[in-house]
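Single-structure report; data block below.
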Amino acid sequence: MKVTRITNQRAVALVGALAFSIGMAHAVAASGDTPVVVSGAPGAAESSLALKLHNPMADLVTVPLENDFEFSADARHALTYTLNVQPVIPFELTKDWLLVTRTIIPFISQEPVVAGDRDLTGLGDINQSFFFSPAKLAGGWIVGAGPVLQYPTATRADLGAGKWGAGPTFAVLQQDDHWTFGVLANQIWSFAGNHNRELVNTAEVDPFISYTWANNFTVEFDGGSTYDWVQRQWSVPLTAGVSRLVTMGKQSVSFGLDGRWYVEHAIGAPAWGIVFTVTFLFPK
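Our numbering puts the first residue of the sequence shown at 2, with every later residue one more than the last.
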């Protein structure tokens, strides 16, 4: 399969995005007073960093840099590259409650699906979730719920919705010495923005499961699906892969590689892809 060579404009944008991502990681690392607490089942404090990494409500600051290489199903096999910078920062509100912020900042570079169209490169819409999570629940359940916000930060109209959005989000999961399984979900409605753009009304459901060995090697699967209520269109990717936590000097870093296949997708949208993730971990 032949992939069109990346243009100079795209290369500059991607280098800038990577530089921003690394800078953010170092900024978080330098903040030694970040408040964190243990959330979840008893014994979670003794679990490995690799296991905590898969708990979205854990006492752990992380900065994942998710590199998505996705290809359309047409004859051009158009590439959409997305660098998702996804800082996760927990804050201790009280001894019994934790606030976890999860932000997704997408830098997008997209080849045209139709011959003659131009490449698209820029920042997409930022999505930010706020989970309020009780420190302990009976039965070892880990839960969190709160608002999710969508910001119209896209630098080009084709890379975002052009709308402010908001709605509820929640997470529920179980975790033991090896297994992690649960679900993340949200619903976003637009409430302001460009009146000439289509309303936003989307639901996302992301079931996930993983198994982590004592050597910090993890096998993982998730099925994060999105439904557009306006277009009545599902996007259903199935993602499976592996990750490994290593220590580089004093820095803990996880490297992950996943394959992705879309069971359902819109016409012209990506049909399959490869995901390479580098996650910086900053335990207290």
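We treat Cβ as the ideally placed atom computed from N, Cα and C, and that holds for glycine.
Being a predicted model, the structure only gives us computed values, none of them experimental.
| said: Please identify the residue among Leu124, Thr181, Ala204, Leu200 whose C-alpha is closest to the C-alpha of Met58. | reply: Counting from 1 along the sequence shown, the entry for residue 58 is found at position 57. The shortest CA-to-CA distance from Met58 to any of Leu124, Thr181, Ala204, Leu200 is the one to Thr181.
| said: Please report the distance separating the alpha-carbon of Gln252 from that of Thr63. | reply: Locating residue 252 in the sequence shown gives position 251, where the first residue counts as 1. Locating residue 63 in the sequence shown gives position 62, where the first residue counts as 1. When rounded, the distance between both Cα atoms is 12 Å.
| message | So Pro153 and Ala162 are supposed to be a Cβ contact under 8 Å. How far apart are they, rounded? | response | Here residue 153 corresponds to residue number 152 of the sequence shown, with the count starting at 1. Here residue 162 corresponds to residue number 161 of the sequence shown, with the count starting at 1. The beta carbons of Pro153 and Ala162 sit about 7 Å from each other, so the pair counts as a contact at 8 Å.
| query | Hey, which unbroken runs of the alpha helix (DSSP H) at 4 residues or more fall wholly within the stretch 61-97? | reply | Runs found: none.
| said: Can you list, in chain order, the residues of its chain with a C-beta nearer than 7 Å to that of Ile23? Leave out the 5 residues immediately preceding and following it. | reply: The residue labelled residue 23 in the question sits at position 22 within the sequence shown. Residue confidence for Ile23 is low, a pLDDT of 48 falling below 50, so the modelled location carries little weight; the figure read from the coordinates is stated next. Contacts found: none.
| Bridge-paired residues (DSSP) for Gly145 | By 1-based counting over the sequence shown, the position of residue 145 is 144. Gly145 pairs with Ala172.
| field | Reference His196; option with closest CA among Leu99, Ser211, Val220, Lys164 | value | Counting from one through the sequence shown, the residue named residue 196 turns up at place 195. The shortest C-alpha separation from His196 is found at Lys164.
| message | Using DSSP's beta-bridge definition, name the partner residues of Phe209. | response | On the sequence shown, residue 209 is found 208 positions in, with the first residue counted as 1. The partner list for Phe209 (beta bridge, DSSP) reads Gly183, Asp223.
| field | 8 Å contact criterion, which Ser130 and Pro271 should meet: CB distance rounded | value | Indexing the sequence shown from 1 puts residue 130 at position 129. Indexing the sequence shown from 1 puts residue 271 at position 270. So it is not a contact: roughly 23 Å between Cβ atoms.
| Simplified DSSP state of Glu167, which is helix, strand or coil | The residue you call residue 167 lines up with position 166 of the sequence shown. At residue 167 the sequence reads Ala, which differs from the Glu that was named. Strand.
| Inter-residue spacing [alpha-carbon to alpha-carbon] between Val276 and Asp259 | Here residue 276 is taken as the residue at index 275 of the sequence shown, counted from 1. Here residue 259 is taken as the residue at index 258 of the sequence shown, counted from 1. Here the C-alpha atom of Val276 lies approximately 5 Å from the C-alpha atom of Asp259.
| Beta-carbon separation of Phe133 and Ala167 under 8 Å? | Position 132 of the sequence shown holds residue 133. Position 166 of the sequence shown holds residue 167. No, the pair does not count as a contact, with Cβ atoms beyond the cut-off.
| said: If you reduce the DSSP assignment to three classes, tell me which class Asp159 lands in. | reply: Here residue 159 refers to the residue found at position 158 of the sequence shown. It is helical.
| message | Going by C-alpha to C-alpha distance, which of Gly269, Val115, Lys285, Val279 sits closest to Glu71? | response | Counted from its first residue, the sequence shown places residue 71 at position 70. Residue Gly269 is the option with its Cα nearest to Glu71.
| task | Could you check how far apart the C-beta atoms of Ala241 and Phe222 are, in whole angstroms? I think they sit under 8 Å. | result | Along the sequence shown, read from residue 1 onward, the residue named residue 241 stands at position 240. Along the sequence shown, read from residue 1 onward, the residue named residue 222 stands at position 221. Yes, Ala241 and Phe222 are in contact; Cβ-Cβ is about 5 Å, under 8 Å.
| Relative to the C-alpha of Trp235, which residue among His78, Gly125, Val206 is closest? | As a working note, residue 235 is residue 234 in the sequence shown. The candidate whose alpha carbon is nearest that of Trp235 is Val206.
| field | Counted within 10 angstroms of its Cβ, other Cβ atoms place Ile189 as buried (16 or more) or exposed | value | By one-based count along the sequence shown, residue 189 stands at place 188. Its Cβ being crowded by 16 or more others within 10 Å, Ile189 is buried.
| task | Compare the C-alpha of Arg198 against each of Val101, Asp159, Ala136 and name the closest. | result | As a working note, residue 198 is residue 197 in the sequence shown. Checking every option, the nearest Cα to that of Arg198 belongs to Asp159.
| For Val127, the residue or residues it bridges with in DSSP | The sequence position of residue 127 within the sequence shown is 126, counting from 1. A small fix is needed here, since residue 127 is Ile in this sequence, not Val. DSSP lists Tyr152 as partners of Ile127.
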